[in-house]
Amino acid sequence: MLMSSIQVRLDAVKKAIKKIGVDSLLVFDIINVRYLTGFTGSSGFLYITHDHNVFITDFRYKEQAQKEIKGWDIIIESGNRIKIIDRLIKKTSSKITGFESSISYKFYRKLTKSETTLRDVDFVIEQIRLIKQEEEIAKIKKAVKRAENAFLETKPFIREGRTELQLANLLEERLKKQGCHYLPFDIIVASGPNSAMPHAKPTNRKFQKGDMIIIDWGGEADGYFSDMTRTFIIKGGKDYRKKTTIYNIVFRANQKSVSTVKPGINSRKIDTIAREYIKGKGFGNYFGHGTGHGVGLQVHEAPRITWNQSTILKNNMVFTIEPGIYIPELGGVRIEDMVVVKEKGCEVLTQLPKKLEII
């Protein structure tokens, strides 16, 4: 009988903690809780040993936990997590207990009073989540498709006189119509000088002739996310040649980085390819963020595609490639795609056109 995808993940975690000499693992990050159990509620934590799986939540999620979680002992807490953890540590004779650094310092101090040695093991689940299962990739592709369909329905409304907020609200409406239960982040629609801010918030500014318009959005499917960006130029206005030059530089940087992706290379190389190309064209000072990031149950997760972090790429890693140039007063360009690493390179998940389009 084939194991479920969740059981495969749990077995991988148990194998990992055994390898590093940890007897038990406390998991508080609710995203990691979902990853290891399938639980979709917002409150609960895990206590995992080599032989036991315990899920702890409160009364609000009792029925939901019983429906969604299989093969775990379920404990309904009544307000004192430390007592429950102490009891579990003693019951399982855990000498070394791993924990996630996302917990508060106050809670950590309480944990130190337990009869066990604590060890920060953040990397354990993160390393397993790096490699997406086929089931996860299918959900990410579904999230990509929903986002692209929503955008195609919204695109005809990109025209002079519309406002950033109008377009953002319309795109959000279309995303929900496509089946996205929630959005991975607030939609970015930034026009004209606002587009020089990589994470600008939509305003009541109207699109004008010559505007560069950055649109950054994502979709959701079964808890998995997508993330993509496209940039357009409104016909007319000043500095047309400079704007098209900038666009084509970013477009080429995106292409070069995508073509670099394959198993075995250092993630830093992808960032270097984009950064050095943009620098070589004279715009290095206007590209200040990383070239990409992982996407899955979170819209920003490992691997980080940047100059100061290194990950050796492996099959089924999923991440964005999003070089950009941002010039104050003039505006900015960002082109963001999602890719999944494959044996001989990568599959580009985002399929919307990215050659320069004048509207």
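Under my numbering, the letters of the sequence shown match residues 9 to 367, in that order.
For each residue, glycine too, the CB sits at the ideal point set by N, CA and C.
For residue i, I'd like the list of residues in its chain whose CB is within less than 6 Å of its CB, leaving aside the five on either flank, ordered along the chain.
i	result
Asp230	Lys147
Ile14	Gly46
Glu76	Gly46, Phe47
Met9	With a pLDDT of 41 at Met9, under the threshold of 50, the predicted position of this residue should be treated as unreliable, though the coordinate-derived value follows. Closer than 6 Å at Cβ, skipping near neighbours: no residue.
Thr125	Ile104
Asp128	Ser109
Ser102	Asp31, Ser32, Thr124
Measuring CB to CB, does residue i end up less than 8 Å from residue j?
i	j	result
Phe215	Arg167	yes
Asn256	Ile329	no
Ala151	Phe233	yes
Thr25	Gly79	Per the sequence presented here, residue 25 reads as Ile, with Thr not at that position. No, Cβ-Cβ distance for Ile25 and Gly79 is not below 8 Å.
Ile281	Lys264	yes
Phe47	Leu34	no
Ala208	Gly339	no
Phe36	Ile111	yes
Arg312	Ile136	no
Glu344	Asp224	yes
Phe237	Arg342	The question names Phe, yet the displayed sequence has Thr at residue 237. Yes, the Cβ-Cβ distance between Thr237 and Arg342 is below 8 Å.
Glu161	Tyr190	no
Asp31	Val62	no
His60	Lys22	no
Ser275	Gln306	no
Gly49	Gln74	no
Gly226	Phe193	yes
Glu355	Pro201	no
Ile366	Lys217	no
Checking the sheet assignment: what are the DSSP bridge partners for residue i?
i	result
Val197	Ile223
Asp345	Ile329
Val35	Leu54
Lys121	None, per the DSSP bridge assignment.
Arg238	Ile223
His301	Arg312
Phe107	Asp128
Gly339	Ile335
Glu214	Checking the sequence shown, residue 214 turns out to be Lys, not Glu. DSSP output for Lys214 lists Thr171 as bridge partner(s).
Asn274	Ile320
In this structure, does DSSP put residue i in helix, strand or coil?
i	result
Gly87	coil
Glu144	helix
Glu181	helix
Phe259	helix
Phe63	strand
Phe165	helix
Arg312	strand
Met9	Below a pLDDT of 50, predicted positions are generally treated as unreliable, and Met9, at 41, falls in that range; the measurement from the model is reported next regardless. Coil.
Val266	helix
Asp279	helix
Ala155	helix
Phe5	Because the chain is modelled from 9 through 367, residue 5 falls outside the range shown and cannot be assessed.
Glu365	coil
Glu228	strand
Phe115	helix
Thr253	helix
Asp128	strand
Gly353	strand
Tyr334	strand
Phe247	Looking at the sequence provided, one finds Asp at residue 247 rather than Phe. Coil, per DSSP.
Asn293	helix
Ile82	strand
Ala208	coil
Thr45	helix
Leu191	coil
Leu160	helix
Val307	coil
Ignore the nearest five residues each way along the sequence and tell me which others in residue i's own chain have a CB closer than 7 Å to its CB.
i	result
Ile84	Thr65, Asp66, Phe67, Lys70
Tyr285	Arg260, Ala261, Lys264
Gln359	Glu156
Lys277	Thr268
Gly290	none
Glu180	Leu191, Ile195
Leu96	Tyr55, Val62
Phe295	Arg283, Ile286, Pro331, Gly332, Ile333
Apart from the five residues just before and just after residue i, which ones in its own chain have a Cβ nearer than 8 Å to its Cβ?
i	result
Thr252	Ile241, Leu364
Ile273	Ile320, Leu321
Leu138	Gly302, Ala310, Pro311, Thr319, Lys322, Met325
Lys149	Leu357
Between residue i and residue j, how many whole angstroms is the CB-CB distance? I'm expecting something under 8 Å.
i	j	result
Tyr334	Pro206	6 Å
Glu143	Ala310	Glu143 to Ala310, Cβ: 19 Å. No contact.
Leu173	Phe165	Actually they are not in contact, since the Cβ atoms of Leu173 and Phe165 sit about 12 Å apart, beyond 8 Å.
Thr239	Ile222	5 Å
Pro331	Val258	5 Å
Lys114	Ile90	With 8 Å as the limit, Lys114 and Ile90 do not qualify as a contact, their Cβ atoms being about 11 Å apart.
Would you say the beta carbon of residue i comes nearer than 7 Å to a heavy atom of the ligand ADP?
i	result
Gly231	Among the ligands in the structure shown, none appear at all, so the ligand ADP cannot be discussed.
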